[in-house]
Amino acid sequence: AQSVAQPEDQVNVAEGNPLTVKCTYSVSGNPYLFWYVQYPNRGLQFLLKYITGDNLVKGSYGFEAEFNKSQTSFHLKKPSALVSDSALYFCAVRFSGGFKTIFGAGTRLFVKA
Amino acid sequence: GAVVSQHPSWVICKSGTSVKIECRSLDFQATTMFWYRQFPKQSLMLMATSNEGSKATYEQGVEKDKFLINHASLTLSTLTVTSAHPEDSSFYICSARDQGTSTEWRQFFGPGTRLTVL
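Residue numbers (the numbering used here), protein chains in the order written: chain A, 1 to 113; chain B, 1001 to 1118.
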């Protein structure tokens, strides 16, 4: 079955420290991979995507993600966390050539000052 | 960036009544809109995909007669929860895609509508 896993419900990190939010996927073919962030009372906002090319993708607000095909992972990273990064993060997979997007369960990030 | 709005942002209704949720793309034309349902601490679950001017495609397990979707224009889609029951209480999110190429099209999300059925 096609699926996206975010193994951590919550990630806690101190401000200024690096952060990683994990995502693994199980889909056939070559999927497109995304990260979105959700703030309270606001719609999901696009952070970054991987379609093809360089495995390290840079996105909005200083976030980046590394695509690892052998491990079927697409972890989100940021070198130095900010308190304002605290939010709910979703990893998502879209099937190439299609419209359907599968979302992970989400990981809540808490950045402590 | 492109903006998608939803109205209302929250609604409380009595069991057995119907509720309509509107989703609008404010500054772009959305050929396709998606409706998701989000449960607490769970992922977004795709309910249906609607294309302007045609019938919506529902995901397996979603009752098309209960969740009526209309996509009458390139900027408006509506979700009507008919004869709502407490188990329909949830957070409903719409999303619209822009008219990019097959590899580059983008998906924009509304802020969601919290439905509570008493």
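No residue lacks a Cβ here, since even glycine has one placed at the ideal position from N, Cα and C.
Residues of chain A whose Cβ lies closer than 9 Å to the Cβ of V1004/B are, in chain order, G43. Contact note: K100/A reaches chain B through L1046, using a C-beta cutoff of 7 Å and chain order. Judged by DSSP secondary structure, Y1092/B falls within the beta strand (DSSP E) whose first and last residues are 1090-1097. Leaving aside the five residues that flank A87/A on each side, the residues in its chain whose CB is nearer than 7 Å to its CB run, in chain order, V37, Q38, Y39, L109. Contact with chain A is found for Q1107/B, since one of that chain's Cβ atoms lies less than 9 Å from the residue's Cβ.
When CB distances to chain B are screened at a threshold of 8 Å, not a single residue of the region 53-84 of chain A falls below it. Relative to the Cα of Q1029/B, the nearest Cα in the group T1113/B, A1096/B, E1104/B belongs to A1096/B. From the listed residues F99/A, G106/A, K112/A, A105/A, the smallest Cα separation to P31/A is found for F99/A. With fewer than 16 neighbouring CB atoms inside 10 Å of its own CB, G29/A falls in the exposed class.
Within the DSSP secondary-structure output, N68/A pairs in a beta bridge with S73/A. The closest CA to that of G1016/B, considering only F1109/B, S1089/B, W1105/B, is found on S1089/B.
The residue from L1118/B, T1113/B, W1105/B with its alpha-carbon nearest to that of P1008/B is T1113/B. Taking 9 Å as the CB threshold, Y89/A stays off the interface with chain B. Taking all protein chains in view, the Cβ of S1083/B is surrounded by fewer than 16 other Cβ atoms within 10 Å, so the residue is classified as exposed. For E1022/B, the enclosing beta strand (DSSP E) stretches over residues 1019-1025.
Listed along chain B are S1043, each with a C-beta nearer than 7 Å to that of G106/A. Q1060/B is positioned such that its CB atom lies no closer than 9 Å to that of T101/A. For T52/A, no beta strand (DSSP E) run applies, since DSSP gives it neither H nor E.
When DSSP states are grouped into helix, strand and coil, Y1036/B belongs to the strand group.
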